[in-house]
Structures are given as structure tokens and as C-alpha cells.
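So the protein sequences, as listed, match chains A and B.
If you count by numbering that gives the first Met the number 0, then the first sequence holds residues 0 to 215, one letter each, in order.
If you count by numbering that gives the first Met the number 0, then the second sequence holds residues 0 to 215, one letter each, in order.
For glycine and all other residues, C-beta sits at the position ideal for the given N, C-alpha and C.
Protein chains: 2
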Amino acid sequence: MNIAIVLYDRFTALDAIGPYEVLSRIPGARATFLAGQAGPVCTDNGMLTILAERELAELPEPDVVVVPGGPGEVAARAGGEVLAWLREADRTSTWTTSVCTGSLILAAAGLLDGKRATSHWLAMEELARLGATPVDERVVFDGKLVTAAGVSAGIDMGLALAGEIAGEDVAKAIQLGIEYDPQPPFDAGSPAKAPAEIVALLRGASRFSERDELIV
Amino acid sequence: MNIAIVLYDRFTALDAIGPYEVLSRIPGARATFLAGQAGPVCTDNGMLTILAERELAELPEPDVVVVPGGPGEVAARAGGEVLAWLREADRTSTWTTSVCTGSLILAAAGLLDGKRATSHWLAMEELARLGATPVDERVVFDGKLVTAAGVSAGIDMGLALAGEIAGEDVAKAIQLGIEYDPQPPFDAGSPAKAPAEIVALLRGASRFSERDELIV
Numbered sequence: 000m001n002i003a004i005v006l007y008d009r010f011t012a013l014d015a016i017g018p019y020e021v022l023s024r025i026p027g028a029r030a031t032f033l034a035g036q037a038g039p040v041c042t043d044n045g046m047l048t049i050l051a052e053r054e055l056a057e058l059p060e061p062d063v064v065v066v067p068g069g070p071g072e073v074a075a076r077a078g079g080e081v082l083a084w085l086r087e088a089d090r091t092s093t094w095t096t097s098v099c100t101g102s103l104i105l106a107a108a109g110l111l112d113g114k115r116a117t118s119h120w121l122a123m124e125e126l127a128r129l130g131a132t133p134v135d136e137r138v139v140f141d142g143k144l145v146t147a148a149g150v151s152a153g154i155d156m157g158l159a160l161a162g163e164i165a166g167e168d169v170a171k172a173i174q175l176g177i178e179y180d181p182q183p184p185f186d187a188g189s190p191a192k193a194p195a196e197i198v199a200l201l202r203g204a205s206r207f208s209e210r211d212e213l214i215v
Numbered sequence: 000m001n002i003a004i005v006l007y008d009r010f011t012a013l014d015a016i017g018p019y020e021v022l023s024r025i026p027g028a029r030a031t032f033l034a035g036q037a038g039p040v041c042t043d044n045g046m047l048t049i050l051a052e053r054e055l056a057e058l059p060e061p062d063v064v065v066v067p068g069g070p071g072e073v074a075a076r077a078g079g080e081v082l083a084w085l086r087e088a089d090r091t092s093t094w095t096t097s098v099c100t101g102s103l104i105l106a107a108a109g110l111l112d113g114k115r116a117t118s119h120w121l122a123m124e125e126l127a128r129l130g131a132t133p134v135d136e137r138v139v140f141d142g143k144l145v146t147a148a149g150v151s152a153g154i155d156m157g158l159a160l161a162g163e164i165a166g167e168d169v170a171k172a173i174q175l176g177i178e179y180d181p182q183p184p185f186d187a188g189s190p191a192k193a194p195a196e197i198v199a200l201l202r203g204a205s206r207f208s209e210r211d212e213l214i215v
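So this is what it looks like as C-alpha cells:
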């Protein structure tokens, strides 16, 4: 099973590494990091560089596609090779997936039209604007299109997907292997749970804040 | 605040990326990936390469040290530059931390002698053998030494540490930013919760299994 993880400049590392850490543990899985060009790709904060092992064109028919989010999604969905490759790859994939604002890229490629999907909580209006039907759930399946909420939700998506691909026992073995028994020290991981002033702070600082006003 | 994330051949990606994704979001933080030599470092499964921006000697006095685990820890703690660098860095660090079997490296460097610490659930006996006092908790603080359980526990550790470093509001803002509201689809993330046959499967396949027999 070939898993294609699509990188682009200024992606968010955990969006990609969460699903990678889970899905690469499925027996027989081969995860490959791809980008428009093979070579170094820098994350959103400029502090981490991951190597894209191959360029997109070298892996045209992966079984599973994973698209991370991050501020670089704006450029990625403005056009170019990622969108074109995604449209082609989705024709033959078994699963086409995203984490966080990666769903905006899938939507821009036309792959989420009318489909139930999720994204980072700050990007839900943008997701609707791009033609998807936003669903406020952590992991959303609509046929073979699977989308996860912000950043860390890719781990939950990876496990749900592992269960579909290889069965619950394999998924549970992977969960135990990565000791995924989360115990966050605070309960502020969603806008419904975080203090209102912190939600407002992030909303105001977001690159979606201006757009939200334009939309509303 | 300088955060040094120590890489070595065959580390586990999420061990490093979980704390990185949290700690790099603290205002003023600068995360740097380091290794014995600057350049590409391959993860445990050979499917991912991360660039070490600098060699260890170039960052002798970081404020925060993060040591990931992974099968490569065996070679890393067998001797060499990582252990020597850790001993020096710990003299001036504010926090010296590990995720998963990274605690075995800290212990081999002599930094956990008699200290309360944790590790991957499969490595707890080995941790004791190396002089630490194993504690079955997800994140363990003993003074400035902070250790996390297996792989995914580095996210919880990162948030706890962010709270200590920058205050709870900053930690909660980071948690909301990465939408860390975990909802695992299965409840198998610890040996106490996973089905017994899956626990036995992993225990039998573990590189610690033979050693466990030798110890017991």
C-alpha cells in the first residue's frame, strides 16, 4: 500500500507526521513524502526542514493520499502542480485525506464539492466557501474522502483509517505502540472548551479573520 | 528561548515533532534540530528524512533539551557524542526532557540517577536497570528533568512544559491552535486498556522482550 504525503512550502509539521506515524505502521505500508520538487521543504515557522523523497509526478497512483495543512496552503491552492496532481491521484486512490487546512486544498482541487468535510476550526467558513459542507466533527468520512480537524486531529484520523484499512486489531496495536492514551494537561483543545478570551485572541490573529468579515 | 531537539539515526518522528509543534509556538521560542553531524537524519522506518540544521557542538547551552526515542536509542546510548553533549547541556539547561525511549538515553548519560521518570511502557524495566525510578504516569517532572511516556505523549509533555514556561493561558492558546481535543477511535492506548492479546503481541515483538527475561 502506497501512502503519498504531499508537502509544500510552509506546511505544518504535525499535520503530516501524525498520520504518517500511524499509517506507516500498517503492515505492508510504504509512506512517501512528495512535493512539487524532490528535496528540502520548510515548515510554517522556518524551524524545520523535511526532505521530499520524490516529486509528485513520480508517484501518480498512490493508494492513500494525505494532504497536511498550514499557512502554505494558500499558495498551494492558488494553482499549480499540487492541485493538478491531486485531481489525478484521486481518480485511482482508495482514500484521499487531509488534516487541518489541507481540506481547503482538496476543496480547491474540486474534490470536496457538496461533500461533508472538516478543517481547522478557524477555517470552517472558508471550507464552505470552497464548496464543501462543513461538519463540526474531529474526523469526517464521506465515501473515500476523509478530512480531519486541526493539526493534532491527524492522529485520530490515522487510527480511524488504519481500522478501515487493516481492521480494528491492527489499529489498536498501532495505538498501543504509539501509546496514544492522551491526557492533555488543560481542556482547551476546541473553541467550545477553551476560555472565550483565548478563542477571541486566536480568531483575531488568524489569517482567516479578515476573510471571515468579508464573507459575513 | 533556545530549544534543542536532538536527532540520531532511527529516531521516531512523532517523538520529536509532538513537542516541537507545541514548544515552537511559545512566543520567543526558537527550536533547532541538532545531530552529531548536521544534515539528513533518517527515522526508524527509513521512510522519512529530517534535516538536522546544526551539529550538537554548535548549540552547547540550550534552554530546553528534547530527546526523542526510537530504536536508534540503543546506538545513541552506547556511547559517543550525544551522551557527552547531553551531560554538558544539562549543566546549564532550564529543562532537560525526553519522549518515549529517549529517557533511556538520558539515563545512560547519568542524568536520571535516582530520579522519578517514565518511558515507553515496554521500556520501563530497562529504565529501572539504568538507574531511574520508573513512574507509570504519562508525563513525569522531577525537578528540571521531564520525561514522557511513549511516542504521542510528547504532545502532552509539550503542553505541560509550555504551561510552566509561559503560563497556562499561553499553553491553552497553543492547545487550541493545534486543536488538541483528542478523540481516539479506540481505547487501546495503554497496556491497561488494550486487549490482553494485543499487549502480549507487542511485548513479544519488542526489542525489550529478551532483555526483560534476562532481568526477571
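Per DSSP, the beta-bridge partners of E54 (chain B) are B:A34.
One alpha carbon belongs to T11 (chain A), the other to L200 (chain B), and they sit about 34 Å apart. Of the residues A:W84, A:P181, A:E125 and A:L126, the one whose Cα lies closest to the Cα of P61 (chain A) is A:W84.
Within a 10 Å sphere around the beta-carbon of G69 (chain B) sit 16 or more other beta-carbons, which makes this residue buried.
Secondary structure note for T42 (chain A): it is in no beta strand (DSSP E), with a DSSP letter that is neither H nor E.
When secondary structure is reduced to three states using DSSP, D8 (chain A) falls in the coil class, being assigned neither helix nor strand. For D141 (chain B), the uninterrupted beta strand (DSSP E) segment begins and ends at V138 to D141. Close partners of Q36 (chain B) in chain A (Cβ separation under 7 Å) are lacking, with about 15 Å as the shortest Cβ gap. Taking a contact as a CB-CB distance under 8 Å, the pair V65 (chain A) and A88 (chain A) does not count as one, their CB atoms being some 11 Å apart. For the stretch 148-181 of chain A, the set of residues with a beta-carbon nearer than 8 Å to any beta-carbon of chain B comprises A148, G149, V150, S151, A152, I154, D155, L158, A159, G162, E167, D168, A170, K171, A172, Q174, L175, G176, I177, E178, Y179, D180 and P181, in chain order. Excluding the 5 residues flanking it on each side, T31 (chain B) has same chain C-beta neighbours closer than 8 Å at N1, I2, A3, I4, E52, R53, L58 and P61, in chain order. In the DSSP assignment, A199 (chain B) falls within the unbroken alpha helix (DSSP H) covering A195 to A204.
Check the Cα spacing between A131 (chain A) and each of A:L121, A:L144 and A:K114: the tightest is with A:K114.
A distance below 9 Å separates the beta carbons of A106 (chain B) and R76 (chain B).
For P184 (chain B), a Cβ of chain A is located within less than 9 Å of the residue's own Cβ. Residue range E80 to T91 is occupied by the alpha helix (DSSP H) that includes V81 (chain B). For V66 (chain B), the enclosing beta strand (DSSP E) has its first and last residue at V63 to V66. For the stretch 115-135 of chain A, the beta-carbon criterion of a distance under 8 Å to any beta-carbon of chain B is satisfied by H119 and W120.
Comparing C-alpha distances from A191 (chain A) to each of A:W120, A:E72, A:L55 and A:T93 shows the shortest one belongs to A:W120. Taking all protein chains in view, the Cβ of P26 (chain A) is surrounded by fewer than 16 other Cβ atoms within 10 Å, so the residue is classified as exposed. With the criterion set as a beta carbon lying under 8 Å from some beta carbon of chain B, the members of the stretch 189-203 of chain A are S189, P190, K192, A193, P194, I197, V198, L200 and L201, in sequence order. Taking the CA atoms as reference points, G71 (chain A) sits about 15 Å from E125 (chain A).
At a beta-carbon threshold of 9 Å, the residues of chain A lying near T48 (chain B) are F32, I49, L50 and E52, ordered along the chain. Going by beta carbons, D155 (chain A) and P184 (chain B) fall inside the 9 Å limit.
R128 (chain B) has its alpha-carbon roughly 36 Å from the corresponding atom of A152 (chain A). In the DSSP assignment, L158 (chain A) falls within the alpha helix (DSSP H) that extends over A152 to A165.
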